[in-house]
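Peer 1:
Listed below in structure tokens is the structure:
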């Protein structure tokens, strides 16, 4: 049977085959687009998770830095009776409204400072990302990083007890620290956005010296 002998059968059959082939191509394109969109979504989520992890690790390192400074600076806890230089207990501020360091504070240079004041100033600059610059901008810290030294009631076996807190702005919304927790009390008046407040907290206890 040749197409020339049966033209009415040959023409529609070919058109139908072309139509089926076109549908298959369109379905393939749609599936490919869906797959690419899914891959892009996974890559975006992976990038966000990586950034969140980086910021948290950086924040913990900054909290540990101040923890080590206070733990090794027992003689800097109280104000210097001679020079009047502030000690860590004074620089911490009140427990309910602790002094906030980092983004937004007035520290720009620490060369003229000493003791606990210099330590806190250097911490402030680190929170602002001064350890790394790009295009004249500080990029070495978390987004909107702030830190607090929260003095708490110490047990009788210790001379001082502090929470070292670092807070910053996350990338995507998630559960925030309770408002009464150290992470909620540090920079409490700063609005990072719904579900974007992040925090890490360490504790440093300065024991009484005996013997």
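In the working numbering, the protein residues as written are -18 to 192.
Built from N, CA and C at the ideal position, the CB exists for glycine as well.
1. Using only CA atoms, which one of 153, 49 and 69 lies nearest to residue 36?
2. Out of 54, 82 and 189, which one is the CA nearest neighbour of residue 130?
3. Taking the alpha-carbon positions, what's the residue -10 to residue 2 distance?
4. Could you tell me which residues DSSP pairs with residue 143 in its beta bridges?
5. What does a CB cutoff of less than 6 Å around residue 119 pick up in its chain, not counting 5 residues either side in sequence?
6. Measuring CB to CB, does residue 164 end up less than 9 Å from residue 148?
7. I'd like to know whether the C-beta atoms of residue 107 and residue 46 end up nearer to each other than 9 Å.
8. From residue 167 to residue 121, what does the alpha carbon distance come to, in whole angstroms?
9. In chain order, what residues of the same chain have a beta carbon less than 6 Å from the beta carbon of residue 105, not counting five sequence neighbours either side?
10. I need the straight-line Cα distance from residue 139 to residue 78, nearest angstrom please.
11. Between residue 100 and the rest of its own chain, which residues show a CB-CB distance below 6 Å, the 5 nearest in sequence each way excluded?
12. Look up residue 74 in the DSSP assignment and say whether it is helix, strand or coil.
13. In terms of residue numbering, what span does the beta strand (DSSP E) encompassing residue 81 cover?
14. Bridge partners of residue 180, per DSSP?
15. Count the other C-beta atoms from every protein chain shown that fall within 10 angstroms of the C-beta of residue 98, then say buried if there are 16 or more, exposed otherwise.
16. Nearest-angstrom Cα distance between residue 56 and residue 67?
Peer 2: So, from the listed chains and residues:
1. Counted from its first residue, the chain shown places residue 36 at position 55. The shortest C-alpha separation from residue 36 is found at 153.
2. As a first step, residue 130 is located in the chain shown; it is residue number 149 there, counting from the start. Cα-wise, what sits closest to residue 130 is 82.
3. By one-based count along the chain shown, residue -10 stands at place 9. By one-based count along the chain shown, residue 2 stands at place 21. At residue -10, the pLDDT of 49 sits below 50, so the modelled position is not reliable; the number obtained from the coordinates is stated separately. One C-alpha to the other measures close to 19 Å.
4. The residue you call residue 143 lines up with position 162 of the chain shown. Per DSSP, 132 and 185.
5. Working through the chain shown from its first residue, we reach residue 119 at position 138. Closer than 6 Å at Cβ, skipping near neighbours: 109, 110 and 111.
6. Here residue 164 corresponds to residue number 183 of the chain shown, with the count starting at 1. Here residue 148 corresponds to residue number 167 of the chain shown, with the count starting at 1. Going by C-beta atoms, residue 164 is nearer than 9 Å to residue 148.
7. As a position in the chain shown, residue 107 is number 126, starting the count at 1. As a position in the chain shown, residue 46 is number 65, starting the count at 1. Yes; because the gap between Cβ atoms is below 9 Å, this pair is in contact.
8. Along the chain shown, read from residue 1 onward, the residue named residue 167 stands at position 186. Along the chain shown, read from residue 1 onward, the residue named residue 121 stands at position 140. Residue 167 and residue 121: Cα-Cα distance of roughly 21 Å.
9. Numbered from 1 along the chain shown, position 124 holds the residue referred to as residue 105. So the qualifying residues of the chain are 82, 83, 86 and 88.
10. Taking the chain shown and counting its residues from 1, the one referred to as residue 139 is at position 158. Taking the chain shown and counting its residues from 1, the one referred to as residue 78 is at position 97. The straight-line gap from Cα to Cα measures roughly 23 Å.
11. Here residue 100 is taken as the residue at index 119 of the chain shown, counted from 1. Hits under 6 Å: 50.
12. Looking up residue 74 in the chain shown gives position 93. DSSP places residue 74 in strand when its eight states are reduced to three.
13. Residue numbering aside, residue 81 sits at position 100 when the chain shown is read from its first letter. First-last of the beta strand (DSSP E) with residue 81: 81 to 83.
14. Locating residue 180 in the chain shown gives position 199, counting from the first residue. For residue 180, which the question treats as bridged, DSSP gives the partners 148.
15. Along the chain shown, read from residue 1 onward, the residue named residue 98 stands at position 117. Buried: at least 16 other Cβ atoms inside 10 Å.
16. Here residue 56 is taken as the residue at index 75 of the chain shown, counted from 1. Here residue 67 is taken as the residue at index 86 of the chain shown, counted from 1. Residue 56 and residue 67: Cα-Cα distance of roughly 12 Å.
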